[in-house]
């Protein structure tokens, strides 16, 4: 792991741990264990994606972009996109929901 990548990882890890402390001080252990699980998944995703070179992601950018655009359109279809607090921005996938706009940010960066 390069020095820059290691420093970025340590900063992100430190901020995540600070977030866990804030969650613990606000709600106790009820949600803390779930958030720790999410953090472990995020760290695993970081290591997996950091092993792949940027140029390898670039060749899949047009297909990824089209998939993300389809997700952004799906959100607008009643019954597919769920409405939370008056905004229809999520797609329910069973126990979790995703926002296609978050994936769109990554797709736009790769396409550019």
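Numbering (my numbering), first residue to last: 1 to 112. Glycine included, each C-beta is placed from N, C-alpha and C at the ideal position.
Checklist entry - Since residue 101 and residue 64 are thought to touch, with beta carbons under 8 Å apart, how far apart are those beta carbons, to the nearest angstrom? => result That pair is no contact at about 14 Å.
Checklist entry - Whose C-beta lies closer than 7 Å to the C-beta of residue 22 among residues of the same chain, with five residues either side of it excluded? => result none
Next on the checklist: Please report the distance separating the alpha-carbon of residue 35 from that of residue 53.
Outcome noted: 29 Å
Item to check | Opposing strand residues paired with residue 88 [DSSP bridges] | outcome: 83
Checklist entry - Can you give the Cα-Cα distance for residue 28 and residue 87, rounded to whole angstroms? => result 29 Å
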